[in-house]
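Peer 1:
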Ligand SMILES: [Mg+2]
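Residue numbers (the numbering used here): 18 to 140.
(1) Check for me: the beta strand (DSSP E) holding residue 34 runs from which residue to which?
(2) Please list, following the chain, all residues that have a C-beta closer than 6 angstroms to any non-hydrogen atom of ligand 1.
(3) Smallest Cα separation from residue 127: which of 138, 83, 109 and 30?
(4) Would you mind listing the beta strand (DSSP E) stretches within the stretch 34–111 that are 3+ residues and don't spill past its ends, in chain order?
(5) Of all the options 74, 105 and 39, which has the alpha carbon lying nearest to the alpha carbon of residue 12?
(6) Using the C-alpha atoms, what's the distance from residue 80 back to residue 70?
(7) Enumerate in chain order the residues of its own chain whose CB-to-CB distance from residue 19 is below 6 angstroms, with the five nearest sequence positions on each side excluded.
(8) State whether the stretch 87–103 contacts the stretch 49–61, with contact taken as three or more CB pairs (one from each stretch) at a distance under 8 angstroms.
(9) Roughly how many angstroms separate the alpha carbons of residue 132 and residue 106, rounded to a whole number?
(10) Using beta-carbon positions only, say whether residue 101 and residue 77 come within less than 8 angstroms of one another.
(11) Using 10 angstroms around the beta-carbon of residue 1, count the other beta-carbons present and answer buried if the total reaches 16, otherwise exposed.
(12) Hey, out of 32, 33 and 39, whose CA is closest to residue 21's CA?
(13) Under the DSSP definition of a beta bridge, which residues are partnered with residue 124?
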């Protein structure tokens with residue numbers, strides 16, 4: 018079983034992202050910050066399953082999106098990470114790319130755009 022991780026401190030955004038990518042053949046797992054996501058990813062992998070893609074917010078308490086990408090990429094160079102940023106976070110996009118993010122999307126996003134970017138990244 019493969020999972021898409023949806024990582025955002027806003028339950029509303031998590032729900033809308035999860036809904037948008039629900040038909041791409043993966044299970045969806047939600048996490049509310051980077052640390053929560055790392056724990057859930059390690060639980061998924063210890064059960065013999067895997068993660069196909071992470072969609073991650075930048076601003077979150079406990080562990081933000083940039084720190085998550087850095088930590089996640091230490092052990093996994095291949096699984097793509099898509100960052101969700103706001104218009105005002107352009108410097109974060111650069112930082113995220115350097116840390117290994119495969120792409121980004123500016124919030125608010127159009128569901129069709131998000132879905133097609135995710136589909137491309139998972140090929
Ligand atoms: Mg946030």
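The C-beta atom is built at its ideal place from N, Cα and C for all residues, glycine as well.
Peer 2: In short:
(1) Segment 28–37 is the alpha helix (DSSP H) holding residue 34; no beta strand (DSSP E) there.
(2) Working through the chain, the matches are 25, 26, 27, 74, 76 and 77.
(3) Per the Cα distances, 30.
(4) Runs of the beta strand (DSSP E) inside the stretch 34–111: 44–48, 67–74 and 98–103.
(5) There is simply no residue 12 to check, as the chain begins at 18 and stops at 140 in what is shown.
(6) When rounded, the distance between both Cα atoms is 18 angstroms.
(7) Exclusion of the five residues before and after residue 19 leaves 43, 67 and 69 as the residues of its chain whose Cβ lies within less than 6 angstroms of its Cβ.
(8) The stretch 87–103 vs the stretch 49–61: in contact.
(9) The alpha-carbon atoms of residue 132 and residue 106 are separated by roughly 22 angstroms.
(10) Contact: no.
(11) The requested residue 1 does not occur in the structure, where the chain is confined to residues 18 to 140.
(12) Checking every option, the nearest Cα to that of residue 21 belongs to 39.
(13) According to DSSP, residue 124 bridges with 103.
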